[in-house]
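Enquirer: Input: one structure, supplied below.
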Amino acid sequence: DFPPELVEALDADPDLAEAFAALTPGRQKSWALHLTDARTSATRLSRIEKGRAKIMAGKGATER
């Protein structure tokens, strides 16, 4: 399951949703884990915004 903040971000941004859907299941899971580790919704939203470029580049949360 993906955090609600990620689902909302993907619904609001079709380009991000397309890039996220193109990620491998393992990379999608890495983003889900990275976001669920955050305690607050504000932190999760910040992580999504900061990670947008990596998602668009086809990278997982822990990749450089």
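So the sequence shown is numbered by the numbering used here: it starts at 1282 and just counts up by one.
For every residue, glycine included, the Cβ atom is placed at its ideal position computed from N, Cα and C.
Small disclaimer: the values here were computed from a predicted structure and weren't measured.
When DSSP labels each residue in this structure, what does Ala-1319 get in the three-state scheme?
Expert: Along the sequence shown, one-based indexing puts residue 1319 at 38. Ala-1319 falls in the coil class under three-state DSSP.
Enquirer: Does the distance from the C-beta atom of Ala-1304 to that of Gly-1332 stay below 8 angstroms?
Expert: As a first step, residue 1304 is located in the sequence shown; it is residue number 23 there, counting from the start. As a first step, residue 1332 is located in the sequence shown; it is residue number 51 there, counting from the start. The identity of residue 1304 in the sequence shown is Leu, whereas the question assumes Ala. Contact: no.
Enquirer: Report, in whole angstroms, the separation of the C-beta atoms of Glu-1286 and Ser-1311, which I expect to be a contact under 8 angstroms.
Expert: In the sequence shown, residue 1286 corresponds to position 5, counting from 1. In the sequence shown, residue 1311 corresponds to position 30, counting from 1. Contact flag wrong, Cβ pair sits at about 16 angstroms.
Enquirer: Taking only the alpha-carbon atoms, compute the straight-line gap between Gln-1309 and Ile-1336 and give it to the nearest angstrom.
Expert: For this step, residue 1309 is matched to residue 28 along the sequence shown. For this step, residue 1336 is matched to residue 55 along the sequence shown. Taking the straight line joining both Cα atoms gives about 9 angstroms.
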